[in-house]
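Novice: Chains as they are written, first to last, in UniProt numbering: chain H, 1 to 328; chain R, 1 to 328.
All residues carry an ideal CB built from backbone N, CA and C; glycine is no exception.
There are 2 protein chains.
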Amino acid sequence: MPRLTSADVARESGVSRTTVSYVLNGKSDVAIPEATRQRVRDAAARLGYTPSAAARTLRSGRSDLVLCVLPDWTIGPVIDTLLDHLTTELAERGLSVLVHHDRGPRPLAELWRAVTPRAVLGLAPFAEDDERAMRQAGIQVVGSALDEDDHPGTFSVPQTRIGRLQVEHLAERGHRVVAYAAPSDDRLAAFADRRLAGVVLECERLGLTAPRVDAVDLDVASAAAVVRSWRAGPEPVTAVAAYNDEVALAVLSGLRAEGLRTPQDVAVIGVDDIPAARLAAPALTTVWQAIDAQATYLAAAVIAALDDAVDPPAQPADVFHVIARDST
Amino acid sequence: MPRLTSADVARESGVSRTTVSYVLNGKSDVAIPEATRQRVRDAAARLGYTPSAAARTLRSGRSDLVLCVLPDWTIGPVIDTLLDHLTTELAERGLSVLVHHDRGPRPLAELWRAVTPRAVLGLAPFAEDDERAMRQAGIQVVGSALDEDDHPGTFSVPQTRIGRLQVEHLAERGHRVVAYAAPSDDRLAAFADRRLAGVVLECERLGLTAPRVDAVDLDVASAAAVVRSWRAGPEPVTAVAAYNDEVALAVLSGLRAEGLRTPQDVAVIGVDDIPAARLAAPALTTVWQAIDAQATYLAAAVIAALDDAVDPPAQPADVFHVIARDST
DNA sequence: CTGAAAGCGCTTACAG
DNA sequence: CTGAAAGCGCTTACAG
């Protein structure tokens with residue numbers, strides 16, 4: 001069964017393919033009587049015609065696809081929500097969001113050349129040559145940065161800010177000896193290191209002891225061992241800033257295994273506010289991100305890039321907030 | 001800067017576009033001397049040429065994209081892992097996996113027509129007319145089913161099996177009065193109902209009291225209220241099968257709030273084995289899914305569909321297992 | 001062994 | 001107001 005083309009619609013409505021194209025693309029600068037327009041639209045609908053995206057892309061050199069490239073680490077609920085919002089907001093502009101999990105050996109270039117997206121949105125920094133190649137191919141690129149510097153055309157989620165907030169909160173509660181519970185998954189290193197940097201900076205600023213840093217596996221035994229080492233020595237740790245809520249839950253379980261009380265003996269703060277955080281015993285204090293604001297910003301950034309806007313939208317401020325619960 | 005085309009490669013290597021196409025696509029049935037082949041490949045590499053996917057798709061009517069449509073519910077870690085595996089396994093066949101979050105008002109048809117994928121993989125059942133339209137357009141469709149019936153060309157994850165396993169495990173521990181903790185998120189209803197059906201069937205089979213069923217929000221107060229109602233009356237509930245680990249953690253927190261002991265007073269079993277499960281107090285018993293086996297099967301199913309294989313691969317058996325921990 | 005030519009389905013400058 | 005024609009970049013049947 002052959003594909004339905006604009007020629008079929010043209011025949012059905014008794015006009016030329018040119019007219020079909022004008023009508024279906026809503027070209028209002030060409031004067032076509034409303035009656036003709038309606039006839040064409042009816043025919044298209046009756047036939048169930050949809051234009052070939054391949055032909056359109058070939059002709060115009062651009063598609064209506066926005067490719068969102070996810071990094072190598074596990075998608076947390078944050079990214080998940082972000083994608084939802086993004087999909088919805090860009091859909092209003094007729095843009096479809098396609099997500100690619102950047103795993104395995106295939107070079108990124110193969111993918112974006114295959115989809116010819118209008119824009120590529122990276123949720124982790126791109127390799128420099130990848131980014132250059134995409135721009136050269138006329139694709140709008142919105143990258144990501146993990147630090148607080150504002151790069152133009154870049155989405156920064158200042159990870160250091162998270163670490164700072166954690167320490168700030170712990171210091172307010174009177175803690176002076178803080179540890180950082182890093183994830184054991186290497187793929188998270190880029191994020192974990194930035195958050196740690198924030199923890200270190202804030203400890204310095206507040207005159208606290210430099211933080212101890214250890215990786216904590218997501219199991220009780222590993223966490224208990226780390227907790228034991230933190231409590232040994234002349235200056236036992238009394239508060240833990242964890243990479244995220246899962247690591248924080250592991251620390252909580254380690255404290256429990258060691259017979260320590262939270263928050264009396266050791267306080268714990270996570271990041272993300274996953275559902276399990278508020279259900280933990282004690283309920284976990286954590287840093288929450290304003291995903292909606294970030295998603296709206298990202299959508300606006302993509303749209304601005306597509307419109308060749310001179311002024312990219314302003315990054316949302318204050319996207320992070322501490323949710324104080326019983327673990328601190 | 002104009003796009004690099006096969007004509008550029010042809011000029012650079014002193015052959016025709018025909019020869020370039022033959023060489024670059026590895027057509028071994030045309031006799032082209034190795035020297036020429038090498039010259040063409042060198043030129044292509046030197047120039048950094050990659051064929052236009054749009055043109056290729058337009059010409060051949062098929063792309064190298066596999067579109068994976070995610071349903072409206074939150075991606076759990078299970079789906080996440082599944083996508084990883086799928087991406088890796090299909091990459092070996094030169095296929096790129098693109099994921100679409102099916103939210104918002106845009107009809108699915110617009111998307112698949114825009115990407116012209118080789119195959120579409122649905123992780124929840126498709127609407128009938130969507131599926132028909134895709135097949136008509138020559139797209140291979142691998143759908144999903146939530147029950148135990150084997151539909152051809154369909155990926156079944158028998159949700160009822162999960163509910164059965166939960167009850168089987170609880171009954172082995174001596175429980176006779178079981179409750180089902182349903183999620184309060186309506187989008188999960190399709191899954192929750194199937195799992196509940198399994199719980200009900202297994203209760204019947206084992207001659208247990210018909211299960212009480214209540215939705216449990218992911219917060220302590222809501223869970224505590226539900227727990228209270230379960231414990232009231234002449235036949236207090238002594239075991240809870242939860243929709244998933246998050247709901248199970250909520251039940252755990254509700255039991256704690258009500259001063260009940262787990263598992264002595266009430267046992268709890270979840271589904272998924274999220275990291276927080278093993279870190280909970282007490283560590284949560286749960287049903288684990290063999291994601292690897294399912295992903296491998298899915299990849300094989302897609303490939304079989306693309307190859308027009310007569311025999312689709314066999315569904316993996318025994319993909320679910322109970323991980324017994326301290327909550328039962 | 002290699003190339004000229006047609007055609008996939010669309011859009012748009014141009015001619016009428 | 002509407003249509004004939006060119007051309008986006010590729011592949012492949014056909015001719016040499």
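With 8 angstroms as the threshold, decide whether the Cβ of Leu279/R is near any Cβ in chain H.
Specialist: True, the Cβ-Cβ gap to chain H drops below 8 angstroms.
Novice: Thr50/H versus chain R: which residues are under 8 angstroms apart at the beta carbon?
Specialist: Neighbours of Thr50/H on chain R, chain order: Ala109, Glu110 and Arg113.
Novice: On the criterion of 16 or more Cβ atoms from any shown chain inside 10 Å, does Gly122/H qualify as buried, or is it exposed?
Specialist: By the neighbour-count rule (16 or more Cβ atoms within 10 Å), Gly122/H is buried.
Novice: Where does Ala241/R sit, in a helix, a strand or coil, going by DSSP?
Specialist: Three-state result, Ala241/R: strand.
Novice: Within 8 angstroms (strictly less), CB to CB, does Pro275/H reach chain R?
Specialist: Yes, contact with chain R.
Novice: Let me check one thing: in DSSP terms, what residues is Cys68/H bridge-paired to?
Specialist: Beta-bridge pairing links Cys68/H to Val99/H and Leu121/H.
Novice: What residue range is occupied by the uninterrupted beta strand (DSSP E) comprising Ile323/R?
Specialist: Phe320 to Ile323 is the extent of the beta strand (DSSP E) around Ile323/R.
Novice: Can you tell me whether Val268/R is helix, strand or coil according to DSSP?
Specialist: Val268/R falls in the strand class under three-state DSSP.
Novice: Does DSSP classify Phe155/R as helix, strand or coil?
Specialist: Here Phe155/R sits in strand by DSSP.
Novice: Tell me the rounded alpha-carbon separation between residue 333/R and Met134/R.
Specialist: Shown here, chain R extends from 1 to 328; a query on residue 333/R therefore has no answer.
Novice: Where in the region 18–63 of chain R do unbroken runs of the alpha helix (DSSP H), each at least 4 residues long, occur, reported from the N-terminal end onward?
Specialist: You should have 34–47 and 53–60.
Novice: Whole angstroms are fine: how far does the CA of Arg56/H sit from the CA of Pro275/R?
Specialist: If I take the Cα positions, the gap works out to 46 angstroms.
Novice: Do you know how far the Cα of Ala299/R is from the Cα of Phe155/R?
Specialist: The alpha-carbon atoms of Phe155/R and Ala299/R are separated by roughly 11 angstroms.
Novice: Thinking C-alpha only, which one of Ala293/H, Val271/H and Ala250/H is nearest Ala281/R?
Specialist: It is Ala250/H whose Cα lies nearest to the Cα of Ala281/R.
Novice: Taking Cβ to Cβ, would you say Leu86/R is nearer than 8 angstroms to Val69/R?
Specialist: Contact flag unset, no.
Novice: Counting only beta-carbon separations shorter than 8 angstroms, does Asp8/R have a partner in chain H?
Specialist: Asp8/R does not count as touching chain H.
Novice: Measuring only the C-alpha atoms, how far is Gly26/R from Val120/H?
Specialist: Between Gly26/R and Val120/H, the C-alpha separation is close to 30 angstroms.
Novice: Using only alpha-carbon positions, find the residue among Ser327/R, Ala190/R and Ala145/R that is nearest to Ser253/R.
Specialist: Taking only the C-alpha atoms, the option nearest Ser253/R is Ser327/R.
Novice: Please classify Gly270/H: is it buried, with 16 or more other beta-carbons within 10 angstroms of its beta-carbon, or exposed?
Specialist: That one is buried.
Novice: Measuring CB to CB, does Leu58/H end up less than 8 angstroms from Val115/H?
Specialist: Their beta carbons are not under 8 angstroms apart, which means Leu58/H does not touch Val115/H by this criterion.
Novice: So, at 8 angstroms on beta carbons, what are the nonlocal neighbours of Thr209/R in its own chain, with the 5 sequence-adjacent residues on each side left out?
Specialist: Result list for Thr209/R: Arg176, Val177, Val178, Cys203 and Glu235, in chain order.
Novice: Spell out a yes or no on whether the region 283–302 of chain R and the region 226–245 of chain H are touching, meaning 3 or more CB-CB pairs, one atom from each, closer than 8 angstroms.
Specialist: No, the region 283–302 of chain R does not touch the region 226–245 of chain H.
Novice: Under DSSP, the beta strand (DSSP E) around Pro275/R begins and ends at which residues?
Specialist: Taken as a continuous stretch (DSSP letters only), Pro275/R belongs to no beta strand (DSSP E), being part of the alpha helix (DSSP H) at Pro275 to Leu279.
Novice: Return the chain-ordered list of same chain residues with a C-beta closer than 8 angstroms to the C-beta of Val213/R, the five sequence neighbours on each side being excluded.
Specialist: Ala179, Tyr180, Ala182 and Leu196, listed in sequence order.
Novice: Taking 8 angstroms as the CB-CB limit, is Thr87/H close to chain R?
Specialist: Interface residue, yes.
Novice: Strictly by DSSP, which residues pair up with Ser253/H?
Specialist: Its beta-bridge partners do not exist; DSSP assigns none.
Novice: Can you list, in chain order, the residues of its chain whose CB lies under 7 angstroms from that of Glu168/R, leaving out five sequence neighbours each side?
Specialist: Around Glu168/R: Glu202.
Novice: Using the three-state DSSP reduction, which class does Arg212/H fall into: helix, strand or coil?
Specialist: Here Arg212/H sits in strand by DSSP.
Novice: At a Cβ threshold of 8 angstroms, is Glu54/H touching chain R?
Specialist: The sequence given here has Ala at residue 54/H, not Glu. Yes, contact with chain R.
Novice: In or out: Glu246/R buried (at least 16 other Cβ within 10 Å) or exposed?
Specialist: Classification of Glu246/R: buried, given that the 10 Å Cβ count is 16 or more.
Novice: Excluding five sequence neighbours on each side, which residues of the same chain lie with their C-beta closer than 7 angstroms to the C-beta of Ala109/R?
Specialist: Same-chain partners within the cutoff: Asp130 and Ala133.
Novice: Which whole runs of the alpha helix (DSSP H) in the region 184–238 of chain H are 4 residues long or more, in chain order?
Specialist: 189–206 and 220–231, all fully within the region 184–238 of chain H.
Novice: So is His101/R buried or exposed if we call it buried at 16+ other beta carbons inside 10 Å?
Specialist: Flag for His101/R reads buried.
Novice: Assign Arg93/H to one of two classes, buried (16 or more other C-beta atoms within 10 Å of its C-beta) or exposed (fewer than that).
Specialist: Counting Cβ neighbours within 10 Å, Arg93/H comes out exposed, since fewer than 16 surround it.
Novice: Indicate the three-state DSSP secondary structure (helix, strand or coil) for Gly259/H in the structure shown.
Specialist: In the structure shown, Gly259/H sits in coil (DSSP, three-state: anything other than H, G, I, E or B).
Novice: Rounded to a whole number of angstroms, what is the C-alpha to C-alpha distance between Ser13/H and Pro107/R?
Specialist: One C-alpha to the other measures close to 25 angstroms.
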